[in-house]
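In the numbering used here, the protein residues as written are 6 to 189.
We put the CB at the ideal spot given by N, CA and C, even for glycine.
Note that the coordinates shown come from a computational prediction; the quantities given were computed from them, not determined experimentally.
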Amino acid sequence: MDIIKTNQNQLVVEEKNWGLAIFLAIYAIVMVGIVAFIITIVEMESIWLKILISLVPAIFAVLMLYIFLSISVVLRCSLDRRQNLITIYQKSLLGQKQVERSIDQLERVEFVTSRSKKSTSYAVRLIFKGGEKVFLNVVNSFHKKRKQAAAKAIANFLGLAVTNYDLQRFSIKSPASDQETTGS
Numbered sequence: 006m007d008i009i010k011t012n013q014n015q016l017v018v019e020e021k022n023w024g025l026a027i028f029l030a031i032y033a034i035v036m037v038g039i040v041a042f043i044i045t046i047v048e049m050e051s052i053w054l055k056i057l058i059s060l061v062p063a064i065f066a067v068l069m070l071y072i073f074l075s076i077s078v079v080l081r082c083s084l085d086r087r088q089n090l091i092t093i094y095q096k097s098l099l100g101q102k103q104v105e106r107s108i109d110q111l112e113r114v115e116f117v118t119s120r121s122k123k124s125t126s127y128a129v130r131l132i133f134k135g136g137e138k139v140f141l142n143v144v145n146s147f148h149k150k151r152k153q154a155a156a157k158a159i160a161n162f163l164g165l166a167v168t169n170y171d172l173q174r175f176s177i178k179s180p181a182s183d184q185e186t187t188g189s
């Protein structure tokens, strides 16, 4: 997430997810290749068996293509003091979507840390009055400093404090046994 524009009356942060979109497109192409290989090269007695076996990669290919087309490759958040407006703009290959909220409705800015056994990822989330939560990214990322800088910039621009929110996994020992139960 990068700070694109900042001045006394306006702040714009933006995140581009081209890497994820390209990965999904390549994955879909590989799945189509597997289907083509099964249908043309692999010898089986029944054509229906070939079709049945090739259905799984075909379904995955269609699913990945749909996700590729619908995922927001550009997410931009613009805060404008003059208009008292927060505009969240999402652009995908299927189209564009724009959501507007009043700055007065923003309650706090959260820097979200999500931990698992193997990795830690980060996100920026806006919390509005009434409980509405809006993430300013499509996928959590490992760029802690960039996400923190964006969260601080938004909070400072609006005169708010950044709240750290930890989605750490936890473990509980059952009193009946010594087995560990993991939750999230």
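Checklist entry - Taking Tyr170 as the reference, which of Lys122, Phe162 and Arg113 has the closest Cα? => result Checking every option, the nearest Cα to that of Tyr170 belongs to Arg113.
Next on the checklist: I need the boundaries of the alpha helix (DSSP H) containing Leu29, first residue and last residue.
Outcome noted: Counted as a single uninterrupted DSSP element, the alpha helix (DSSP H) harbouring Leu29 occupies residues Trp23 to Thr45.
Item to check | Terminal residues of the alpha helix (DSSP H) in which Ser97 lies | outcome: Ser97: not part of any alpha helix (DSSP H); member of the beta strand (DSSP E) spanning Leu90 to Ser97, first to last residue.
Checklist entry - What is the rounded straight-line gap between the Cα of Gly24 and the Cα of Phe73? => result Distance between the alpha carbons of Gly24 and Phe73: 11 Å.
Checklist entry - Applying the criterion that 16 or more other CB atoms from any shown protein chain within 10 Å of the CB defines a buried residue, is Ile9 buried or exposed? => result Burial call: exposed.
Checklist entry - Span of the alpha helix (DSSP H) holding Gln153? => result Taken as a continuous stretch (DSSP letters only), the alpha helix (DSSP H) holding Gln153 covers Lys149 to Leu163.
Item to check | Start and end residues, beta strand (DSSP E) containing Ala128 | outcome: First-last of the beta strand (DSSP E) with Ala128: Thr125 to Phe133.
Checklist entry - Can we say the stretch 92–104 touches the stretch 36–43, given the rule of at least three CB pairs closer than 8 Å? => result Too few Cβ pairs lie closer than 8 Å, so no.
Checklist entry - Count the other CB atoms within 10 Å of the CB of Phe42; is the residue buried (16 or more) or exposed (fewer)? => result Phe42 counts as exposed, since fewer than 16 other C-beta atoms from the protein chains shown sit within 10 angstroms of its C-beta.
Next on the checklist: Quick check: the Cα distance between Glu20 and His148, rounded to an integer number of angstroms?
Outcome noted: Roughly 11 Å between the two C-alpha positions.
Item to check | Coil, strand or helix - Lys10 by DSSP | outcome: In the structure shown, Lys10 sits in a strand (DSSP, three-state: E or B).
Checklist entry - Under a three-way DSSP split, which group does Ser121 fall into? => result Taken through DSSP and simplified to helix, strand or coil, Ser121 comes out as coil.
Checklist entry - What is the rounded straight-line gap between the Cα of Ala160 and the Cα of Ala166? => result It is roughly 6 Å from the alpha-carbon of Ala160 to the alpha-carbon of Ala166.
Checklist entry - Can the beta-carbon of Asn14 be found closer than 8 Å to that of Arg87? => result Yes, the pair counts as a contact, with Cβ atoms nearer than the cut-off.
Checklist entry - Roughly how far, in whole angstroms, is the beta-carbon of Arg81 from the beta-carbon of Val17, given that I think they are within contact range, below 8 Å? => result The beta-carbon separation of Arg81 and Val17, rounded to 6 Å, stays under the 8 Å limit for a contact.
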